[in-house]
Every structure is written in structure tokens, then in C-alpha cells.
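Heads up, the thing below is written out as C-alpha cells.
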Amino acid sequence: MHHMPPRRCVVIGAGVIGASVAAALAASNMRVTLLDQDQPGRATSRWSFAWLNSNDKAPRPYHDLNHAGMKAWAELAPDLDGDAWYRPVGHVELATKDTAELEARVKRLTGWGYPARLVDAAEAAVLEPALRVPPDAAAAFFPGEGYLLTEPLIARLVARAESLGADIRTGEPGRATGLEPGAAPRVRTAAGAVLEADDVVCCAGRWTPALAPALVTVPLIAWDTRGSAAPGLVVRVGPVTPPGPAMVVHTREISLRPHPGGLHLEAPDAADAVDLHTPEAELNRWAAELLRRARRTVRGLDDARVAELKVCVRPLPADGQSIVGRLPGAPGIYAAVTHSGVTLAAARFLPHPAILYPERAEVPRPGTRTTSPPTRYAPARSRPRPGPYPR
Ligand SMILES: Cc1cc2nc3c(=O)[nH]c(=O)nc-3n(C[C@H](O)[C@H](O)[C@H](O)COP(=O)(O)OP(=O)(O)OC[C@H]3O[C@@H](n4cnc5c(N)ncnc54)[C@H](O)[C@@H]3O)c2cc1C
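Structure below.
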């Protein structure tokens, strides 16, 4: 009996998306090489708030895609040592003004079958005992939400891919080349190796546009310019005196969740104020401010100090939607780049259906634009802000 040789696939980038793609392709009997210029999971995914949610993700198909991503992690967790990284702890949001927006959002979400309910200040304090709830606060509880610890998750995805035969090459930048019509795609590494492949999947996060620049412009908003909306400020503080908060908590002035050794903090105005050029003194000032806000919001931070501080860059597609699928004009080259990549990275939404079943022209996935008009890949003219931070 004649056996077809396995398809060869090179995945460029071992963040949460590339690691997830590589594990799923290796599980489908593809011969996978996973390439990263650094160690796996050291870039955006490492610093992500990593909130699993579809809390405010319009339009409806994009909401459904994120909701499906949440469910997919729940299904995957038992089989991938989820105790180490899966935290379906729920989310409490407090609002002391603009409560109409919160009420309208909860109403919309429940209408869409998404677990959400308004609670009063007393119930919010019971749900999250570490919370200092102002008596006049409106609150909402989202029991299906949570967060992921991306470092242990990515380590397990990469180990799973390797155990299924994938070749993991780290510390080696790669660039997709060899894109002449009809030719199989190739990846050239910085060390000069040429990897022949049937398929190449570009999962290099914010660096994706640089992978095959002569071929196609993947439209992300510029992230290294002054005033760019892509960078955010991540502050990690600790220690927390037990019992600290267990849930994801949002108020209008602070977002927080547990992180090993303490809490992970972000704030919308801090994200707006910083970019990759912000002086260190200014970053330190913001970090101290976020710690003050966190102390006002939850108990347990009396002994806490700023432990880590990072300006972290979100890969932001110019039109706010995920870029997932085959790149136009580039046979065998795929991209998977998106904001909310932690929520969305559960493998089934990523490009493998199209890779595994190439005879099917397109495998539709809700909320992604696999059949994008080529103009989508022209340089972005406008730079829309992302939705309410950091959703
Ligand atoms: C502050 C902040 C908060 C966020 N909050 C959330 C949230 O709450 N929920 C959510 O779902 N999402 C959130 N996100 C978004 C989410 O973190 C990202 O969408 C996701 O981490 C992107 O993963 P990635 O694998 O595409 O990119 P990355 O994690 O950046 O990985 C890309 C990898 O590609 C490698 N690479 C780059 N170029 C090359 C090359 N030429 N050759 C080889 N390797 C290369 C890099 O070394 C890196 O390891 C947040 C992001 C930020 C910055």
C-alpha cells in the first residue's frame, strides 16, 4: 500500500499562538518544525493580562469566536495539565459611574447566551472577599471568565508538539522565502539553514509583517512609533498577604488578577500614556500609581512593592479583526495574528483546517476573514483605537 509522506509545516513564532498551532498540527501527523528567534513564550504572550473573556467584543461573530475560544480552553485543560495554567476563576467588575453602560452590556451578553449578571455591592463583596467595594458601586459578575498563566501553558504546548515529533528550534529567527509561483515555500533562518515546507504558518505576533515583506503587507498598526496605541503598561506587584484576590477584577481605574507571587496590574490611562519611548522615570511613576489604585481596590497589598514593570506590545490588526488564514498571492503561506490572542489561541480556530484539508478552498471560521479581499493587506491608512482596554 502506498503511503503519502507527511506534509511538512514550518511554524514561525512560539508565542501562545504558534505553540498552539504547532501542537495541533503535530497531533495531525504533520512533520512540524517550530522556530523562534528567542525562547518560546518570551514576547507578548509572557506579559499578557491573559484574561479569558468575550466581555465586550463586537461585532457578534467576533464575540462568538472569543466565547468559543474560552470553551475550547476548558476542553483542552484536563488533557494538558490544566492545573498548572488554567484559572477559570470568574470576573467581578465594579462601576461607580457610567453604570448604564455596564447594565446595557450585561443585558446584551445575557441575550447572547453569555454568563453575566448584575450584582449589588454586598454580593460583590461576598463573591470576592478581598475587594473593597464602595457602598454605592454597581457591579457585575461574569462567572465563565478567568485567566491563563501563559508561561506554563506555552511550555506544555511546546512539549506536547515535541512529544508528537515536532522539531523545536529556538534562538533562530526565520523568514519565509522562496515564494515564486508554484514553488514550495521555504523558510530561511538567520543561521543560513533553508527549511523546505509544504506550508508555512507565520505566528510571529507583532513581527509578522516583517516575515515576508516583499510578498504581502500584513496590516498591523505601527507599534514602535511615538503615541502608538499598541503598547500597554504591565505592572506586577507582590507579595500579597493572604487571602488576596482570586478573581479577575476590573474597575474604571484598574484591572487586576492574581499572578504567581502577587498581582498583575494594568490601567487604561496608563496604557494610553506609554509607548516604547516613554522614559523610565515616567514608567516608574505610573507603576507606583497603579499599586496605589490596587491598594484602594483590594486587600492584601500592605507589604507589596513593584516587582516587574514592562511596556508590552499588542499585535493590533488595523481593522481590529483577527488575521487568520492563507495569505493572498502566497501559496502555502498562512498567518495567524490577532489581539485577544490568549483567548483565541485554542487551536481549532487557527489556520490548520485550511492546511490539513487543502483541497477545500476555504474552511470558514466565525469572526475571522479567511476570504479577505486583497486590499485588506494593503498598508493601513487609518489607525483605529482598539475597543475598551484591554478587552
Ligand atoms: C498588555 C496586554 C494585555 C493583553 N491582554 C489580553 C487579554 O486580557 N486577553 C487576551 O486574550 N489577550 C490579551 N492580550 C493580547 C495577547 O496577549 C496577544 O494577542 C497574544 O499574546 C499574541 O500571541 P502571539 O503568539 O501572536 O505573539 P507573541 O507572544 O509575541 O509571540 C510571537 C513569537 O514570535 C517570535 N518571532 C518573532 N519574529 C520571529 C522571526 N523572524 N523568526 C522566529 N521567531 C520570531 C517571537 O520571539 C515570539 O516568541 C494582551 C496583550 C497585551 C500586550
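Going by the working numbering, 227 is the number at position 153 of the sequence shown; the sequence numbering is gapless.
Virtual Cβ for every residue (Gly too), placed ideally from N, Cα, C.
All values derive from a computational prediction rather than experimental measurement.
Note to self: Distance check for Asp210 and Arg439, CA to CA, integer angstroms please.
What the structure shows: Low confidence applies here, because Arg439 scores a pLDDT of 47, under 50, leaving its location unreliable; read the following figure in that light. Whole-angstrom Cα-Cα distance: 43 angstroms.
Check: Within 7 angstroms: the Cβ of Gly248 and any heavy atom of ligand 1?
Finding: yes
Next item on the list: Find the nearest neighbour of Ala198 within the set Arg116, Thr325, Leu294 and Asp349, judged by alpha-carbon distance.
Entry: Thr325
Checklist line | contact_flag[the stretch 385-403, the stretch 303-310] where n(CB pairs < 8 angstroms) is 3 or more | finding: yes
Margin query: On the DSSP bridge list, what partners appear for Arg373?
Written below: None, per the DSSP bridge assignment.
Checklist line | Arg439, DSSP secondary structure in three states | finding: Caution applies to Arg439, whose pLDDT of 47 falls short of 50 and renders its modelled position unreliable; the model cannot decide the point.
Margin query: Only counting the same chain, and skipping five residues up and downstream in sequence, which positions put a Cβ closer than 8 angstroms to that of Arg243?
Written below: Thr107, Leu108, Leu109, Asp110 and Thr263
Note to self: Count Cβ pairs between the stretch 335-346 and the stretch 404-420 that sit closer than 8 angstroms; are there 3 or more?
What the structure shows: no
Notebook entry, point to check: Under the criterion of a Cβ to heavy atom distance below 7 angstroms, does Gly87 qualify as lining ligand 1?
Noted result: yes
Note to self: Measuring straight from C-alpha to C-alpha, what distance separates His165 and Ala284?
What the structure shows: 37 angstroms
Note to self: Short of 6 angstroms in beta carbon distance, which residues of its chain neighbour Leu231, apart from the five on each side in sequence? Order them along the chain.
What the structure shows: Ala93, Ser94 and Ala97
Item checked: Nearest-angstrom Cβ-Cβ length linking Thr313 and Gly220, presumed shorter than 8 angstroms -> Note on residue identity: the sequence assigns Pro, not Thr, to residue 313. With a Cβ gap of about 22 angstroms, Pro313 and Gly220 do not count as contacting.
Note to self: Going by beta-carbon coordinates alone, are Arg422 and Ala146 separated by less than 8 angstroms?
What the structure shows: yes
Next item on the list: Decide if Asn103 is buried, meaning its Cβ has at least 16 other Cβ atoms within 10 Å, or exposed.
Entry: exposed
Item checked: Val200 versus Met321, Leu357 and Pro247, residue with shortest Cα-Cα distance -> Met321
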